[in-house]
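**Student:** Here it is, the structure, as structure tokens.
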Amino acid sequence: MRIYIKTGNRKFTIPIPLIFLRFGLLLFNRPFIRKYIPEKERKYVDIIDFVQLSKCVGILKEYRGLKLVEVKAKDGTEVVIKL
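The letter at position 83 of the sequence shown is residue 83 when you use the working numbering, and the numbering goes up by one with no holes.
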């Protein structure tokens with residue numbers, strides 16, 4: 001996965017291997033991480049099944065180049081997340 005950020009005259013590319021993304025998803029639901037999530041937002045996190053989400057990332061690996069997010073702000077800032 002790659003994250004492209006373009007602001008004004010600067011461009012950043014952040015490569016993230018999918019194994020790190022899957023590992024992060026599995027860690028996100030651990031008690032030592034959950035204590036930093038505010039109580040208001042914790043109900044939304046409880047709805048997510050992180051094991052299934054991790055499996056979905058594994059399936060999406062077959063679709064290299066797929067744009068997951070493409071956002072353009074009024075000030076010219078662009079963020080693109082591609083597999």
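Cβ atoms here follow ideal geometry from the backbone N, Cα and C, with glycine treated the same way.
Taking only the alpha-carbon atoms, compute the straight-line gap between Lys72 and Gly24 and give it to the nearest angstrom.
**Tutor:** Their backbone Cα atoms lie some 27 Å apart in a straight line.
**Student:** Using the DSSP secondary-structure output, state which residues sit across from Pro15 in a beta bridge.
**Tutor:** For Pro15, which the question treats as bridged, DSSP gives the partners Arg2.
**Student:** In chain order, what residues of the same chain lie with their CB nearer than 6 Å to the CB of Lys6, ignoring the 5 residues before and after it?
**Tutor:** Glu78
**Student:** Going by DSSP, which residues form a beta bridge with Lys43?
**Tutor:** Lys43 is not bridged to any residue.
**Student:** Within the continuous beta strand (DSSP E) that includes Lys72, where are the two ends?
**Tutor:** Here the beta strand (DSSP E) through Lys72 covers Lys67 to Lys72.
**Student:** Per DSSP, Thr7 is paired with what?
**Tutor:** Per DSSP, Arg10.
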